[in-house]
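The structure appears below as structure tokens.
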Amino acid sequence: MCGIIGYIGEKNCVPILINGLKRLEYRGYDSAGISIINNGNTCIVKNKGKVSALEEKVSLMKLNAVLGIGHTRWATHGIPNEINAHPHSNEDNTLFLIHNGIIENYQTIKKGLKQIGYSFRSETDSEVLVMLIDSFLKKNYPLTKAVQLALSEVEGTYGIAVIYKDEPDKIVVARKGSPLVVGLGENENFIASDVSAILAHTKQIVYLDDGELAVITKNGFLVKTILDIEIEKEVHEISMSLDEIDKGGYSHFMLKEIMEQTESVTNSMRGRLLLEDGDAKLGGLANVIDKLVNSNRIIISACGTSWHAGLVGEYMFEQYARIQTEVEYASEFRYRNPIITNEDTVILISQSGETADTLAALREAKSRGALVLGICNVVGSTIARESNAGVYIHAGSEIGVASTKAFTSQLIVLALITLLIARKKSLSAAEGKELVEAMQELPDKISHILKLNDTIEQLAEEFKDSKNFLYLGRGYNFPAALEGALKLKEISYIHAEGYPAAEMKHGPIALIDEKMPVVFIATKDSTYEKVISNIEEVRARGGRIIAIASENDEEIDTLVDYSIKIPDTVEMLRPVLTSIPLQLLAYHIAVKKGLNVDQPRNLAKSVTVE
Ligand code: M6R
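The opening position of the sequence shown corresponds to residue 51 in the working numbering, with each subsequent residue numbered one higher.
Next up, the structure:
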């Protein structure tokens, strides 16, 4: 979703802004722009399309300035074009604003501003905000106060950065619902919507919280509430490295991230498995473990891929921890007045830790007294910070819009939590040890699966022109089927549906003909025979079958058109393995169709609006 960067210091900010915007491209965007202020001169440059086009435009202009802001826009109000792109400015181009989020009452504010003579160039909600701030500047309020007064009239969400020609010594930023960080340097400071934009310059980060406003100067920063109460903020030293956000020789971030899963899964388990005790150790849950173990009910809430991980978690928690578990789309949970008590635990799963719906679900659960746990990847993210306790998945930066390694690491953390609870309940040390051993064997098994890359690429050639796909699985592999279908549709734009295999005959079977590829997850587990019956049903109707099967299963080859053989593991951990060939299949189909795998159309990496 939209990205923000800003610089104040002694260097030319233009390359810093452009390179920062390039780092934010992975979030998804459709237009970009910068504005700068230097020695009383101002300039704004914007365009529809890629940051590289903006860079070309800017390089011809030979700009130089020590203060500037830049933005990548993901359209909400108004089509992607140059006028709707950010920054937005006041009429005389002295005040510039970039905005992430949605101003819900912008029509009302716009009407009021029109009545006092303001006119508007764009269709955006964001332009209203710059004009509103301008209206307070015209009443002789200083910039910070004008921003505070404007924001007190605003309903909705925002991460904003504002610069003003008459106060060129500062950037004013504010946050409600959209992430913002301040990066600290020597005689220079930065602001960004996520640290990757400024990681090349600093690792000293201050995370802003909702309702906070910061004034950033060359040599310092001051944080206040929108109501002007000063706040002390902690400076965090982040450990993320630049290598993590580079492609490392791969053609796409998505492929790099798929290939990294041997390592990312290892990192998610590192120091957390106790082989001899057949147990897990999760420092982040130490203070809440009794409450968690004695929960009446666990509710997992998330969106997209993280929701699929939650479904696997439901199977795990109910099978081993014997705690009733429900999985809810965060977007539904937040608005349906859910019944939650202080005996419930609500687990929010989010790679980014910034997804607006998941964050709202967290706040809803917290306000109703539940124990709230976060399973996040991005360290210091809002969901991680607002949870009562939690566990980081430590998958490393995930840049590709299609989530891959975060999914398998989320499953690892859910398995660790399962083990931790189950061992405090009825799971014996010997049973726990079997699970621990199975987890420790996963990295080698993942390496083995990743070696199938070339075979899966050939399969992709065969199926790249298909118009629809069905993905079917049962038990733990049902969520893996959903995830396989989501991967394919989001990057290849092929319509794909995931179903529990047995559910097929209640409707989707009507779609089966010789043009319909059906991907079965048919590993040798407790539902294997049933899945084979479902395969027979598809075969009888001429469907083309691809099976993700166990490596020792030769029989299945007599029933399916293609099989991808993978190592077995305990049932609970199967989706960690079965999801990987499906990620590769989706990836190669999209590449063969010539699509932009890392930045698929209309999608954003982190969905920070409702
Ligand atoms: O950052 P989150 O895990 O909260 O994101 C949730 C979804 O937006 C995300 O998983 C989305 O579905 C991905 N594009 C899936 O690949």
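Backbone N, C-alpha and C define an ideal beta-carbon position, used for all residues, glycine too.
Residue i: which of the options sits nearest, CA to CA?
i, options, result
"I598", "T505, A479, T126", "T505"
"A445", "I639, C426, R435, L230", "C426"
"S291", "Q254, T174, T316", "Q254"
"R418", "T267, F383, A572, L272", "F383"
"V77", "L561, R594, E404, N190", "In the sequence as displayed, the identity of residue 77 is Arg instead of Val. The shortest Cα separation from R77 among L561, R594, E404, N190 belongs to E404."
"G482", "H498, A465, K416", "A465"
"G333", "I443, E282, V285", "I443"
"S437", "L423, G525, S447, A636", "L423"
"L201", "H556, P550, E154, I166", "E154"
"C52", "T92, G227, R171, Q198", "G227"
"A196", "F367, E173, L147", "L147"
"A488", "Y549, G328, S301, I467", "G328"
"V95", "D407, D607, I68", "I68"
"T628", "N652, I596, D607", "I596"
"D260", "L609, P631, L230, L272", "L230"
"A115", "L193, D219, D142", "D219"
"L470", "D175, Y208, L342", "L342"
"E141", "G120, G430, G167, I562", "G167"
"P631", "L249, G120, L500", "L500"
"R589", "D607, F240, D603", "D607"
"S431", "Y257, D394, T207, R524", "Y257"
"H498", "I266, I616, K331", "I616"
"E287", "D340, V429, V265, T375", "V429"
"M554", "Y300, G593, E284", "G593"
"E307", "N652, L71, L653, Q633", "Q633"
"Y57", "A636, E238, N88", "E238"
"H638", "T408, D603, L305", "L305"
"I462", "A654, R320, R386", "R320"
"E414", "N387, R435, V285", "N387"
"D394", "A410, Y549, T375", "T375"
"L193", "E217, F240, T252, L249", "E217"
"T92", "L502, E604, H302, L145", "L145"
Check the C-beta distance from residue i over to residue j and give it rounded, since I have them as a contact under 8 Å.
i, j, result
"V204", "L263", "With a Cβ gap of about 12 Å, V204 and L263 do not count as contacting."
"V338", "L421", "6 Å"
"G128", "S172", "6 Å"
"L272", "E280", "7 Å"
"E177", "F170", "6 Å"
"I698", "L325", "The first residue shown for the chain is 51 and the last is 660, placing residue 698 beyond what the model contains."
"T38", "A406", "With the chain covering 51 to 660 only, the question about residue 38 has no answer from this structure."
"A530", "N584", "In fact, because the Cβ distance is near 15 Å, the residues do not count as touching under 8 Å."
"I349", "E378", "6 Å"
"T174", "H121", "11 Å between Cβ atoms; not a contact."
"L323", "V441", "L323 to V441, Cβ: 13 Å. No contact."
"I241", "I266", "6 Å"
Heavy atom of the ligand NAD less than 8 Å from the Cβ of residue i, yes or no?
i, result
"S351", "Only the ligand M6R can be found as ligands here, which leaves the ligand NAD out of the picture."
(message) Using 8 Å as the cut-off, can you tell me whether the stretch 105-124 makes contact with the stretch 55-64, which would need three or more C-beta pairs spanning the two stretches below that distance?
(response) yes
(message) Below 8 Å, how does it come out for the stretch 469-478 and the stretch 363-377: are there three or more Cβ pairs, yes or no?
(response) yes
(request) Counting only runs of 4+ residues fully inside the stretch 443-505, write out the alpha helix (DSSP H) ranges in chain order. (result) 455-474, 479-500
(message) Pairs of beta-carbons, one from the stretch 239-258 and one from the stretch 179-195, closer than 8 Å: are there three or more?
(response) no
(request) Pair every Cβ in the stretch 544-552 with every Cβ in the stretch 507-527, then say whether three or more of these pairs are closer than 8 Å. (result) yes
(request) Check whether the stretch 304-312 touches the stretch 489-498, taking contact to mean three or more Cβ pairs, one atom from each stretch, closer than 8 Å. (result) yes
(message) Three or more C-beta pairs under 8 Å: does that hold for the stretch 91-108 against the stretch 152-171?
(response) no
(message) Taking contact to mean 3 or more Cβ pairs, one atom from each stretch, closer than 8 Å, check whether the stretch 261-277 and the stretch 455-462 are in contact.
(response) no
(request) Assess, as a yes-or-no matter, whether the stretch 560-580 is touched by the stretch 615-633 under the definition of 3 or more beta carbon pairs within less than 8 Å. (result) yes
(message) Count Cβ pairs between the stretch 389-399 and the stretch 351-367 that sit closer than 8 Å; are there 3 or more?
(response) yes
(message) Suppose only complete runs of 4+ residues qualify. What are the alpha helix (DSSP H) ranges in the stretch 123-165, listed by chain order?
(response) 156-165
(request) Counting only runs of 3+ residues fully inside the stretch 351-390, write out the beta strand (DSSP E) ranges in chain order. (result) 374-379
(request) Please specify which runs of the alpha helix (DSSP H), each continuous and at least 4 residues long, are wholly inside the stretch 235-290, giving them in chain order. (result) none
(message) At 3 residues or longer, what runs of the beta strand (DSSP E) sit wholly inside the stretch 553-581?
(response) 567-572
(message) Whether or not the stretch 447-454 and the stretch 646-655 are in contact is what I'm after, with contact meaning three or more pairs of Cβ atoms, one per stretch, closer than 8 Å; do they touch?
(response) yes
(request) Enumerate, from N- to C-terminal direction, the unbroken beta strand (DSSP E) stretches of 3 or more residues contained entirely within the stretch 57-117. (result) 81-88, 91-98
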